[in-house]
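Asks: Residue numbers (our numbering): -12 to 102. Structure incoming, see below.
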């Protein structure tokens, strides 16, 4: 049964960096992984942007591997084979875009481990 629960909170705070991930029409997913959770090698038909909010992920892709921590952002072009493992409890935001639509302004702001 559908229910609507009236709320009293009317002001919410979302970090501007998360809001910047929102496409013109669409959503941003928040993901929580327990320590040891592995997302085995896979691909996506869309570009993906992952912003690490808490914890650390071991992120692997064809040709590379890096530990990403809170504050790091991963730009993942469509079709990139990749996997991740949460090294501790990890929370991250995921935004998707049609292929090749990652905005140039985002690319300028995004880093992995400060590089």
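We put the beta carbon where it would ideally sit given N, CA and C, even for glycine.
First and last residue of the beta strand (DSSP E) that includes residue 5?
Replies: Per DSSP, residue 5 belongs to no beta strand (DSSP E); it is in the alpha helix (DSSP H), 3 to 8.
Asks: Which partner residues of residue 41 appear in the DSSP bridge assignment?
Replies: 78
Asks: Please report the straight-line C-alpha distance between residue -12 and residue -6, rounded to a whole angstrom.
Replies: For residue -12 and residue -6, the distance between alpha carbons rounds to 19 angstroms.
Asks: The beta strand (DSSP E) with residue 15 in it runs from where to where?
Replies: 15 to 20
Asks: Taking the beta carbon of residue 80 as the centre, do at least 16 other beta carbons fall within 10 Å, making it buried, or is it exposed?
Replies: buried
Asks: On a CA-only basis, which of 33, 7, 16 is nearest residue 124? Give me that one, please.
Replies: Because residue 124 is not part of the residues shown, which for the chain are -12 to 102, the question remains open.
Asks: Just tell me which of 66, 15, 50, 28 has its CA closest to the CA of residue 38.
Replies: 15
Asks: How many Å lie between residue 10 and residue 36 at the Cα?
Replies: 11 angstroms
Asks: With the cut-off set at 7 angstroms, would you say residue 47 and residue 18 are in Cβ contact?
Replies: no
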